Amino acid sequence: MHEKYIIEYSSLYHKSWKIMPQRVKMYLESLYNTKISKITKEDIQKIFDEITARKHYVTANSILKLLSPIFNKAIEWGLLEKNPVCRIKRHKEESRSRYVTNEEMERLMKVLTEKENSQLTEE
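Take 426 as the starting number for the sequence shown in my numbering and just add one per residue.
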């Protein structure tokens, strides 16, 4: 599985793509020289378990979320028969409340003001 493909794919389809290159390098380097057709559920489970052992439950889940659609695409292209990520039980994630920071609020207000001003000048 090629690092470039994983990173390019994650930048298109994964919400937290900006931190994915570091995670890919850190956790998936062992798969770089492995053909996608040779990667097994056990390979993925081992990586998942190693991340879990460090108590990085959300990261372990996010690696599965990154890999699953890649393997699904490989199935679609006829490179695999089944997704090795399937049937790996993910950790339960607690939902959390998130609040807008002052910096985010300032950026939002700036964009809204610019948008409002641009609409006024267009008419």
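Yeah, the Cβ is synthetic: ideal placement off N, Cα and C, and Gly gets one too.
No experiment lies behind these values; they were computed from the predicted model shown.
Across the structure, Ser522 and Val483 are spaced so that their CA atoms are roughly 16 Å apart. CA-to-CA, the gap between Tyr457 and Arg448 works out to about 13 Å. Under the DSSP assignment, Lys498 falls in the alpha helix (DSSP H) whose first and last residues are 482-501. Check the Cα spacing between Thr526 and each of Ser520, Glu519, Met534: the tightest is with Met534. Going by beta carbons, Asn486 and Phe496 fall outside the 9 Å limit. For Glu467, the enclosing alpha helix (DSSP H) has its first and last residue at 466-478. Collapsing the DSSP output to three states places Arg532 in a helix.
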